Amino acid sequence: MQALYDTLKQRFALGEFTQQRDDLAFLSVDAIRLYAVLRYLRDHEGFTHLVLLTAVDWIEDEQFQLTYLLHNRPKCQDIGLRVMIPRDPATMESIHDLWPAAATYQRELYEMFGIDFPGSPRIDEEFILEGWHNTPPYRRDFDTLEYARETYRDRPGRETHDPAAHMKKQLYGDD
Numbered sequence: 000m001q002a003l004y005d006t007l008k009q010r011f012a013l014g015e016f017t018q019q020r021d022d023l024a025f026l027s028v029d030a031i032r033l034y035a036v037l038r039y040l041r042d043h044e045g046f047t048h049l050v051l052l053t054a055v056d057w058i059e060d061e062q063f064q065l066t067y068l069l070h071n072r073p074k075c076q077d078i079g080l081r082v083m084i085p086r087d088p089a090t091m092e093s094i095h096d097l098w099p100a101a102a103t104y105q106r107e108l109y110e111m112f113g114i115d116f117p118g119s120p121r122i123d124e125e126f127i128l129e130g131w132h133n134t135p136p137y138r139r140d141f142d143t144l145e146y147a148r149e150t151y152r153d154r155p156g157r158e159t160h161d162p163a164a165h166m167k168k169q170l171y172g173d174d
């Protein structure tokens, strides 16, 4: 994987490289260069399968990290490209023309994180959260407790216990 990184480094300005295993590595790429690196990996290095596209909310840094995981079947290798984008506005270039399956991942990230992929097919259509009009639920500033209190009524007989104290009582009694 180091040889692949060296080849890529000759063609593109890249960031940090981390090799997890002999067959798995991650590298950081600027958002402006991502599309070109992905296309090069697909067309010239055999990474023809988009395994996943996911996001992490780094709220403290006011950024999202997008991770694109690609697989090279003949070599049994995976490479992840990590891209940091601002939380506001959360926008990234679509890659649905490189991998049509990316449109599904992009729709999910749009709905769950609020990350827009302009030009991606059906990006504005409801996908999972029909009728949702709140902060996207995977953003770390979404308050799940407040949402639950506003949305659901209290049910009689439900009590909240400190998990440690509750398990101690269950295991050892009232001593």
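The opening residue of the sequence shown carries number 0 in numbering that gives the first Met the number 0; numbering runs sequentially from there.
Glycine residues also receive a C-beta, built at the ideal position from the N, C-alpha and C atoms.
Since we're looking at a predicted model, the values are computed, not measured.
* Going by the beta-carbon positions, is the gap between Leu80 and Leu23 smaller than 8 Å? -> Contact: no.
* Should Leu52 and Leu69 be called a contact, given that it needs their Cβ atoms to be closer than 8 Å? -> no
* Asked: From Asn133, Glu92, Ser27, pick the residue whose C-alpha is nearest to that of Glu145; which is it?
  -> Just measuring C-alpha positions, the residue of Asn133, Glu92, Ser27 sitting nearest Glu145 is Asn133.
* Below 8 Å, can you find three or more Cβ-Cβ pairs linking the segment 147 to 158 to the segment 90 to 107? -> No: the two stretches stay apart, fewer than three of their Cβ pairs being nearer than 8 Å.
* Which residue comes first and which comes last in the beta strand (DSSP E) that contains Arg20? -> 16 to 20
* **Exposed unless 16 or more other CB atoms sit within 10 angstroms - verdict on Trp131** => Counting Cβ neighbours within 10 Å, Trp131 comes out exposed, since fewer than 16 surround it.
* To do: Determine the extent of the alpha helix (DSSP H) in which Ala30 is found, giving its start and end residues.
  => It spans 30 to 43 - the alpha helix (DSSP H) in which Ala30 sits, taken as one unbroken run.
* With distances taken Cα to Cα, identify the nearest neighbour of Leu40 among Phe63, Tyr109, Tyr67, Glu61. => Tyr67
* Can you name the start and end residues of the alpha helix (DSSP H) that His48 belongs to? -> Taken as a continuous stretch (DSSP letters only), His48 belongs to no alpha helix (DSSP H), being part of the beta strand (DSSP E) at 48 to 57.
* Can you find at least 3 beta carbon pairs, one from the segment 122 to 131 and one from the segment 73 to 87, that sit closer than 8 Å? -> no
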